[in-house]
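Asks: If you scroll down you'll find the structure; I have some questions about it.
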Amino acid sequence: MSKSPIKTSFAYGKLLLPHNLFYAPLAGCSDYPFRMMSGLHGQPGLMYCEMVKMDPLVRRNQQTLEMLRYHAQMRPIGGQVCGSRVDLAAESARIIEELGFDTLDLNCGCPVDKVTKDGSGSALLKDPKKIGDILHEMVRAVRIPVTLKIRAGWDEGSINVEQIVETAEAAGAVAITVHGRTRAQGYHGPAIWEYIRRAKSAAKKILVIGNGDIHTGQDVIRMYHETGCDGFLFARATMGAPWVAQDALQYIRSVEQGDRPPEEDRTIRFFIEAFLEHLGWIEREQDPVRGVLDLRRVGAWYIKGLPGARHFRGTITRVTSYEEARQLLADLQNQLIQEGFDLDRPYATTDGREEMDG
Ligand SMILES: Cc1cc2nc3c(=O)[nH]c(=O)nc-3n(C[C@H](O)[C@H](O)[C@H](O)COP(=O)(O)O)c2cc1C
Numbered sequence: 000m001s002k003s004p005i006k007t008s009f010a011y012g013k014l015l016l017p018h019n020l021f022y023a024p025l026a027g028c029s030d031y032p033f034r035m036m037s038g039l040h041g042q043p044g045l046m047y048c049e050m051v052k053m054d055p056l057v058r059r060n061q062q063t064l065e066m067l068r069y070h071a072q073m074r075p076i077g078g079q080v081c082g083s084r085v086d087l088a089a090e091s092a093r094i095i096e097e098l099g100f101d102t103l104d105l106n107c108g109c110p111v112d113k114v115t116k117d118g119s120g121s122a123l124l125k126d127p128k129k130i131g132d133i134l135h136e137m138v139r140a141v142r143i144p145v146t147l148k149i150r151a152g153w154d155e156g157s158i159n160v161e162q163i164v165e166t167a168e169a170a171g172a173v174a175i176t177v178h179g180r181t182r183a184q185g186y187h188g189p190a191i192w193e194y195i196r197r198a199k200s201a202a203k204k205i206l207v208i209g210n211g212d213i214h215t216g217q218d219v220i221r222m223y224h225e226t227g228c229d230g231f232l233f234a235r236a237t238m239g240a241p242w243v244a245q246d247a248l249q250y251i252r253s254v255e256q257g258d259r260p261p262e263e264d265r266t267i268r269f270f271i272e273a274f275l276e277h278l279g280w281i282e283r284e285q286d287p288v289r290g291v292l293d294l295r296r297v298g299a300w301y302i303k304g305l306p307g308a309r310h311f312r313g314t315i316t317r318v319t320s321y322e323e324a325r326q327l328l329a330d331l332q333n334q335l336i337q338e339g340f341d342l343d344r345p346y347a348t349t350d351g352r353e354e355m356d357g
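Position 336 (the sequence shown) corresponds to 335 in numbering that gives the first Met the number 0; numbering is contiguous.
Here it is, written out as structure tokens:
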């Protein structure tokens, strides 16, 4: 095991990725504006679109294709498909490749009933043979690397990471991302990294990407020491912090070079401007009805932890236009200045932003 968790020129099948810190697929979140912010500020080693379902994809449903729209700034970029029909696997893989995606991932982790009821997402964990059959079809159909993303098992009593690692490896998958929670856990409780370690020790050639509760460079180092995994997938930590991969890289480099970790120099104005930038991408790229709903959620991410955030969160969730949101931000800035905050002074660390008001 090499000393550093960071691998640059990271070989991912035939693909060479700049490094091994990735951004997760996040349904309802990792849309075009979110990915643009990620590409501009975070430059992850690989980022993902939201998952799309196989059935509408093979019907070339317009809304599904819209979800897969991307910009060169977002490369390297992976598409993720969700489904359980072996007969649709090859065609969905071909479409993802035709659209120009760098990698293709099979979702075997989504816990939502709507998805699992037809055997898709995490329900596939109960049928490893089917996972193997789907992957096999995909691998045969395309030249881009085929990967999968799993949870550790359906529930605590049915952990089968080792079996799925072996099945995926035999089917020719290049990498397996292991989210260290079971389906039964949903998104609650800490991720259990021991499952990632078990996947890594079962893997012969297949790369193991660890996922669950990675927020900082410290977390990456700790996960590496505990599991030996090959790469790291940031998920919820990317919400409102598109720069998290660059922060982690910088932190890890400074630790390895024996320097003091970089001081956090972000100001209140920085977070407000980041939200305005994200809002601008939503306004340009999203249809107006969904766009306003999105900005209510996105606004709360960026402002979280700033003074006055609690009140802001309450009001941003009711805005009905982009203009109203911009006005709300202007009001917040004025109020902070009146209260004596210096918007241009380093404020707090990204990971340690505390709720200051109330
Ligand atoms: C809102 C939301 C949407 C998600 N959408 C997807 C998805 O489309 N595909 C997928 O494989 N995982 C999805 N996930 C799971 C994440 O990729 C990740 O595995 C999980 O959040 C654990 O990582 P974390 O603890 O760092 O957040 C989603 C998670 C959240 C919170």
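For every residue, glycine included, the Cβ atom is placed at its ideal position computed from N, Cα and C.
Using a 10 Å radius around the Cβ and a threshold of 16 neighbouring Cβ atoms, would you call P4 buried or exposed?
Replies: On the sequence shown, position 5 is the one that residue 4 refers to. That one is buried.
Asks: The beta strand (DSSP E) spanning V207 covers which residue range?
Replies: Against the sequence shown, residue 207 aligns to sequence position 208. For V207, the uninterrupted beta strand (DSSP E) run begins and ends at L206 to N210, by DSSP.
Asks: Return the residue from the list Y22, G27 and C28 that minimises the CA-CA distance to G38.
Replies: Within the sequence shown, residue 38 is the residue found at index 39, counting from 1. Per the Cα distances, Y22.
Asks: Where in the region 97 to 176 do unbroken runs of the alpha helix (DSSP H), each at least 4 residues long, occur, reported from the N-terminal end onward?
Replies: 112 to 115, 127 to 140 and 160 to 170
Asks: Give the secondary structure of A26 by DSSP, where H, G and I count as helix, E and B as strand, and everything else as coil.
Replies: On the sequence shown, position 27 is the one that residue 26 refers to. Coil at A26, not helix or strand.
Asks: Which partner residues of Q79 appear in the DSSP bridge assignment?
Replies: The residue you call residue 79 lines up with position 80 of the sequence shown. According to DSSP, Q79 bridges with D104.
Asks: Opposite H277 in the DSSP bridges: which residues?
Replies: Reading the sequence shown from its first residue, position 278 is the one you call residue 277. Answer by DSSP bridge pairing: none, since H277 is not bridged.
Asks: Kindly indicate the opening and closing residues of the beta strand (DSSP E) around Y47.
Replies: Residue 47 sits at position 48 when you count from the first residue of the sequence shown. Per DSSP, Y47 belongs to the beta strand (DSSP E) from L45 to Y47.
Asks: Closer than 8 Å is the cut-off here; do at least three beta carbon pairs connect the region 245 to 260 with the region 51 to 66?
Replies: no
Asks: Using the C-alpha atoms, what's the distance from D112 back to A88?
Replies: The count along the sequence shown starts at 1 and reaches residue 88 at position 89. The count along the sequence shown starts at 1 and reaches residue 112 at position 113. The alpha-carbon atoms of A88 and D112 are separated by roughly 21 Å.
Asks: Have a look at K204 and E49 and give me their C-alpha separation to the nearest angstrom.
Replies: Your numbering for residue 204 matches position 205 in the sequence shown. Your numbering for residue 49 matches position 50 in the sequence shown. Answer to the nearest angstrom: the Cα atoms are 27 Å apart.
Asks: Do the region 68 to 79 and the region 257 to 275 make contact, defined as three or more Cβ pairs closer than 8 Å?
Replies: no
Asks: Does the Cβ of A324 have 16 or more other Cβ atoms within 10 Å, making it buried, or fewer, making it exposed?
Replies: On the sequence shown, residue 324 is found 325 positions in, with the first residue counted as 1. The residue in question, A324, is buried, as its Cβ has 16 or more Cβ neighbours within 10 Å.
Asks: Under three-state DSSP, which class holds Y223?
Replies: Taking the first residue of the sequence shown as 1, we reach residue 223 at position 224. Correct three-state label for Y223: helix.
Asks: Which residue marks the beginning of the beta strand (DSSP E) containing L342, and which one marks its end?
Replies: Translated into the one-based positions of the sequence shown, residue 342 becomes position 343. Segment: none, L342 is in no beta strand (DSSP E) and carries neither H nor E.
Asks: Among G227, Y321 and P261, which one has its Cα closest to the Cα of K2?
Replies: As a first step, residue 2 must be located in the sequence shown, where it is residue number 3. Nearest of G227, Y321 and P261 to K2, Cα basis: G227.
Asks: Does the distance from the CB of A167 to the CB of I130 come in under 8 Å?
Replies: Looking up residue 167 in the sequence shown gives position 168. Looking up residue 130 in the sequence shown gives position 131. In this structure, I130 lies closer than 8 Å to A167 by Cβ.
Asks: Is the region 209 to 219 touching the region 28 to 48, taking contact as three or more C-beta pairs under 8 Å?
Replies: no
Asks: Note down, in chain order, each residue of its chain lying with its Cβ closer than 7 Å to the Cβ of D350, except the 5 sequence neighbours on either side.
Replies: As a working mapping, residue 350 is identified with position 351 in the sequence shown. Caution is warranted here: a pLDDT of 46 is assigned to D350, below 50, making its placement in the model unreliable, and no coordinate value can be reported.
Asks: Can you tell me the Cβ-Cβ gap for P17 and G44, rounded? I've got them flagged as a contact below 8 Å.
Replies: Walking along the sequence shown from the start, residue 17 turns up at place 18. Walking along the sequence shown from the start, residue 44 turns up at place 45. By a beta-carbon distance limit of 8 Å, P17 contacts G44. Their separation comes to about 5 Å.
Asks: Could you tell me how far apart the beta carbons of C109 and L147 are, in whole angstroms, since I believe they sit closer than 8 Å?
Replies: If you number the sequence shown from 1, residue 109 lands on position 110. If you number the sequence shown from 1, residue 147 lands on position 148. About 12 Å; that fails the 8 Å criterion.
Asks: Quick check: what's the CA-CA separation for A140 versus S8?
Replies: On the sequence shown, position 141 is the one that residue 140 refers to. On the sequence shown, position 9 is the one that residue 8 refers to. One Cα belongs to A140, the other to S8, and the distance between them is close to 26 Å.
Asks: For ligand 3, is there a heavy atom less than 7 Å away from the beta-carbon of E49?
Replies: This structure lacks ligand 3; the ligands present are ligand 1.
Asks: Return the CA-CA distance between T176 and R289, expressed in angstroms with no decimal places.
Replies: Translated into the one-based positions of the sequence shown, residue 176 becomes position 177. Translated into the one-based positions of the sequence shown, residue 289 becomes position 290. The alpha-carbon atoms of T176 and R289 are separated by roughly 30 Å.
Asks: Only counting the same chain, and skipping five residues up and downstream in sequence, which positions put a Cβ closer than 8 Å to that of V164?
Replies: The sequence position of residue 164 within the sequence shown is 165, counting from 1. Only I175, A198, A201, A202, I205 and V207 meet the Cβ criterion.
Asks: In the DSSP assignment, find the unbroken beta strand (DSSP E) run with L16 in it and report its ends.
Replies: Position 17 of the sequence shown, counting from 1, holds the residue named residue 16. L14 to L16 is the extent of the beta strand (DSSP E) around L16.
Asks: Would you mind stating whether L327 and F340 have Cβ atoms separated by less than 8 Å?
Replies: By one-based count along the sequence shown, residue 327 stands at place 328. By one-based count along the sequence shown, residue 340 stands at place 341. No, the Cβ-Cβ distance between L327 and F340 is not below 8 Å.
Asks: Can you find a heavy atom of ligand 1 that lies under 7 Å from the Cβ of A240?
Replies: Your numbering for residue 240 matches position 241 in the sequence shown. Checking every heavy atom of ligand 1 against the Cβ of A240, none is found closer than 7 Å.
Asks: For G148, verify whether its CB is less than 7 Å away from any heavy atom of ligand 1.
Replies: Residue numbering aside, residue 148 sits at position 149 when the sequence shown is read from its first letter. A quick correction: the sequence has Lys, not Gly, at residue 148. Checking the Cβ of K148 against ligand 1 gives yes.
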